[in-house]
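J.: Can you read through this structure? Questions will come right after.
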Amino acid sequence: MKILSTVMAVVAMSLLAQAQTSNVVYSPNVVGFVKLTVPGTNTISMVAVPFEASNSRGYYTLDEVLGTNFTAHSTDGVDCDEVWMWNSAANRFEQAFLNDGEWYEPTIDWKWCYTGGDGHPLPCAGTNLFNITPTSGFFINNQHGDRTVFISGMVPTNSVTTVDLTGLQLTAYPYPVAQSLATMLGTNDGARADSRQSPVSDEIWIYNATTHNYDQYFLNDGEWGDPTIDWKWCSSGADGTPVAATNTMQPGMSFFYNAKGAGFDWNVVRPYPLN
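Each residue of the sequence shown is one higher than the one before, counting from 7 in our numbering.
Have a look at this one:
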């Protein structure tokens with residue numbers, strides 16, 4: 007893993023040194039990295055940061071993750087790119103925008119901000135609503151040209167990461183490796199299942215930028231009568247038949263988890279050795 011981290015760091019630094027175009031976004035912490043394509047023209051992308059914070063706080067701010075290489079404005083609106091964080095307690099999105107400095111408050115010039123109750127921009131770094139950890143998912147609403155985003159940080163070393171899946175959560179696989187949906191989330195962790203998508207079965211929602219909708223998967227409990235899809239994450243076919251998921255979650259992707267029961271702890275085991 008030390009070799010992998012070193013290789014990733016060297017490659018990342020090489021990319022950072024070579025790329026100079028204004029539509030490339032860099033995160034300043036170079037150890038491991040993922041490269042994300044964030045389509046433009048008012049398109050949203052579901053993203054995540056599968057790296058530990060390289061600071062004593064234990065989390066990243068939006069400023070540290072995304073920097074300033076987005077389209078900014080002095081107020082939230084159609085002219086600026088946005089970040090949307092899901093607030094599960096309030097069951098709504100919290101929106102952030104990049105302030106371009108025209109508000110004439112130098113402490114928030116070129117900072118990611120949210121709009122306060124009085125309409126004034128306030129720094130996102132001042133509230134934990136916008137803190138980023140490896141289990142955080144969020145949306146980037148890119149209202150302008152396509153962007154390449156390099157997100158980097160410390161490769162996680164903890165052997166198990168516990169994620170609280172209660173209600174509707176915007177979350178992510180916390181390690182920087184690809185995982186098939188079929189194996190990413192074990193079915194014995196406490197998820198609720200049914201033979202078809204229903205008010206009983208837990209669901210995973212993955213945003214589809216092409217259809218501007220969510221691809222939905224539910225946990226099949228084996229009562230359908232087809233052993234090949236027993237206790238697998240499935241989509242509903244055109245005739246309602248469960249179809250086992252075959253897609254792969256790439257590093258830097260996030261998803262909604264909709265827990266229909268009381269919720270449970272998702273204990274994610276580190277998928278790689280450290281030596």
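Every residue, glycine too, gets a C-beta built ideally from N, C-alpha and C.
Determine contact between the segment 67–86 and the segment 115–124, defined as no fewer than three beta-carbon pairs at a distance below 8 Å.
T.: At 8 Å Cβ cutoff, the stretches touch.
J.: Tell me the DSSP bridge mates of Ser142?
T.: Thr177
J.: Assuming Leu72 is part of the alpha helix (DSSP H), what are its boundary residues?
T.: Taken as a continuous stretch (DSSP letters only), the alpha helix (DSSP H) holding Leu72 covers 68–72.
J.: Assuming Ala188 is part of the alpha helix (DSSP H), what are its boundary residues?
T.: Per DSSP, Ala188 belongs to the alpha helix (DSSP H) from 187–190.
J.: Count the other CB atoms, across all protein chains shown, that sit within 10 Å of the CB of Gly192; report buried if there are 16 or more and exposed otherwise.
T.: exposed
J.: Once the 5 residues before and after Lys266 are set aside, which same chain residues still bring their CB inside 8 Å of it?
T.: Arg198, Pro205, Val206, Ser207, Asp208, Glu209
J.: Smallest Cα separation from Asp85: which of Pro56, Gly46, Leu68, Trp92?
T.: Gly46
J.: Would you check if the segment 143–157 and the segment 43–62 touch, i.e. whether three or more CB-CB distances between them fall below 8 Å?
T.: yes
J.: By DSSP's criteria, Asp124 is part of a beta bridge. Which residues make up the other side?
T.: DSSP, once it has assigned bridges, lists no residue as partnering Asp124.
J.: Nearest-angstrom Cα distance between Asp82 and Phe99?
T.: 14 Å
J.: Kindly indicate which three-state DSSP category Asn105 falls into: helix, strand or coil?
T.: strand
J.: Quick check: the segment 155–169 against the segment 237–246, are at least 3 beta-carbon pairs closer than 8 Å?
T.: no
J.: Using a 10 Å radius around the Cβ and a threshold of 16 neighbouring Cβ atoms, would you call Leu104 buried or exposed?
T.: buried
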